[in-house]
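Trainee: Protein sequences appear in the order of chains A and B. Residues in the first sequence are numbered consecutively from 1, following full-length UniProt numbering. Residues in the second sequence are numbered consecutively from 1, following full-length UniProt numbering.
Number of protein chains: 2
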Amino acid sequence: MPEERIVRMPKAEFDTGAARCRSNFPIESEFKGIMSSDQSRHKTFPAHGVVFFEGDPANNIYEVADGSVMLYKLLPDGRRQVVEILGPGDLFGVPAGEVYDTSAETLTETLVHMISRKDAEGSDEIQQHMKKCLISQVQNLHDHAVLLGRKSAHERVASFLMRFVPNRGGFACSGPQSETEDESVVTLYMTRQEIADYLGLTIETVSRVLSDMKRRKVITMEKQDRIRVMNVCGLCHLTGKF
Amino acid sequence: MPEERIVRMPKAEFDTGAARCRSNFPIESEFKGIMSSDQSRHKTFPAHGVVFFEGDPANNIYEVADGSVMLYKLLPDGRRQVVEILGPGDLFGVPAGEVYDTSAETLTETLVHMISRKDAEGSDEIQQHMKKCLISQVQNLHDHAVLLGRKSAHERVASFLMRFVPNRGGFACSGPQSETEDESVVTLYMTRQEIADYLGLTIETVSRVLSDMKRRKVITMEKQDRIRVMNVCGLCHLTGKF
DNA sequence: CGAAGGGTTGAGGCGGTTCAAAGCCGGTGG
DNA sequence: CCACCGGCTTTGAACCGCCTCAACCCTTCG
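The following block contains the structure:
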């Protein structure tokens, strides 16, 4: 079945490699960051801790060492859009101007490496890594623009869940483990509000879509943020990407 | 009035400098590209010409020398999302994997510089420029995510139009030229379909919003793609950003 | 003049939001 | 151990903004 799907896929849907830099799993990884050098400092934030606010002077560049971070922007009336979700190995806080263009908050307890802008400029290794991360970041943002601009609520939630299923859904999709079973457990570490703000929806819509998927037996919920996908292939087809 | 608005602006709305790398004007600029070296080739595309398709092998990196280019992605059922609009000085076709993650089409007659990936790797100058462009690209994509995820149709169209008004709307907004008049003429060089696909709307909605703005005398239309903004400050307030 | 290809306008429907109420669950204190 | 509280989540009902579908208009070009 996955082979068949690959054959049918038009060029445009090939995996372009954007996922290779950043992990599928925001958590649980033991990433050995490129920034773990002398000149870098470390800092641990609790879950839902603020790393910096939009508009703060951009003095440091950060790398997620362990945990997960979201970047978001606010409109003056309080509307929020979460623009990126980052995991181990991802960089953030790389500024075009003098200040950060987004706020950064942790989702889970998170260890970050920090390095000053000046020191980052000086290191070729870091520059290289930065470029690589930026490129994959851009491609992820392209995907997210498609999601926000053109996908239905069901497709958005399905795409979101698929993000956290390892080795599935991309060009290199490994297909179901066995003939009879195609399950996977994903842990979100995000509140409904955070998910909604990432997907451009409301809390209620996210909740309704998840309930609907439960009703259709695509997923079951072990805890509120721990979801068992009963049929990965089925969920994948709900993303709109295939 | 503009000074007053700046004072009221919370930190979060400061211009973060994302616009500095790329021009406000996709057209009419005589940008002397960093790629205009020996090893680069040039190519001119007519308006609405295809530079490459999503999924094509990513052999070259491009720079817009003159004209404008849009990058878009398609879903298999034909839904399209334009993810970026580029002008002189902007780079595109920088791949994370082996293939392009978007398609690239010109909006107007466009001159591009091309350079092979290998040659790009070799030049520090190009690497530097590439990094700078990527960073501003990321910030523009952040803004666009907010637009797609959280803004109303009116706010989207207003934001879109403000993009093409020079020196207005950002942190460095110069304010109205005179006490009595606050006009500006923008030329879109895009069909309604392209605008709609960029803003995550339908043709009809774009058309209706523009008609509504005409009715409210915020804009007048000199030609279908040539719009006179009668009240820049007024339009700016419709963007939702202030 | 007629055809073709955008663009505009109108009517109706639907998906997602809004507002409101109830449910669930973990934590705290009696 | 259970009652209570607060925060998050779920569910329901009504509404509304944008989409869909269809007709019409305008401009361009043969």
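Virtual Cβ for every residue (Gly too), placed ideally from N, Cα, C.
Compute the Euclidean distance between the alpha carbons of T239 (chain B) and M114 (chain A), then round it to the nearest angstrom.
Mentor: 35 Å
Trainee: Under 9 Å between the Cβ atoms of K73 (chain B) and H142 (chain A)?
Mentor: yes
Trainee: To the nearest angstrom, report how far apart V232 (chain A) and V138 (chain B) are at their CA atoms.
Mentor: 31 Å
Trainee: Looking only at DSSP bridge pairs, what is E105 (chain B) linked to?
Mentor: B:V50, B:M70
Trainee: Whose C-beta lies closer than 8 Å to the C-beta of K217 (chain B) among residues of the same chain, with five residues either side of it excluded?
Mentor: M230, N231
Trainee: I'd like the ranges of any alpha helix (DSSP H) spanning at least 4 consecutive residues and lying wholly in the stretch 96-173 of chain A.
Mentor: 117-122, 124-150, 153-162
Trainee: May I ask you to verify whether the stretch 92-112 of chain B touches the stretch 45-62 of chain B, counting CB pairs closer than 8 Å and requiring at least 3?
Mentor: Yes: the two stretches touch, three or more of their Cβ pairs being nearer than 8 Å.
Trainee: Helix or strand or just coil, what does DSSP make of E181 (chain B)?
Mentor: coil
Trainee: Helix, strand or coil: which one does DSSP assign to M206 (chain A)?
Mentor: For clarity, residue 206 (chain A) is Val in the given sequence; the question names Met instead. Three-state result, V206 (chain A): helix.
Trainee: Whole angstroms are fine: how far does the CA of T191 (chain A) sit from the CA of Q224 (chain A)?
Mentor: 9 Å
Trainee: State the beta-bridge partners of Y62 (chain B) as determined by DSSP.
Mentor: B:F92, B:M114
Trainee: Does the CB of P88 (chain A) have a neighbour CB from chain B at under 9 Å?
Mentor: no
Trainee: Where DSSP assigns a beta bridge to R228 (chain B), which residues make up the other side?
Mentor: B:V185, B:T220
Trainee: Given a threshold of 16 other Cβ atoms within 10 Å of its Cβ, counted over all protein chains shown, does R228 (chain B) qualify as buried or as exposed?
Mentor: exposed
Trainee: On the premise that A65 (chain B) lies in contact with P88 (chain B), defined as a C-beta separation below 8 Å, what is that separation, rounded to the nearest angstrom?
Mentor: Right, their Cβ atoms sit about 6 Å apart.
Trainee: For R192 (chain A), does the three-state DSSP call read helix, strand or coil?
Mentor: helix
Trainee: Exposed or buried, R215 (chain B), counting other C-beta atoms within 10 Å across all chains shown (16 or more means buried)?
Mentor: exposed
Trainee: Would DSSP call K214 (chain B) helix, strand or coil?
Mentor: helix
Trainee: Can you check whether the CB of Y62 (chain B) is closer than 9 Å to the CB of A104 (chain B)?
Mentor: yes
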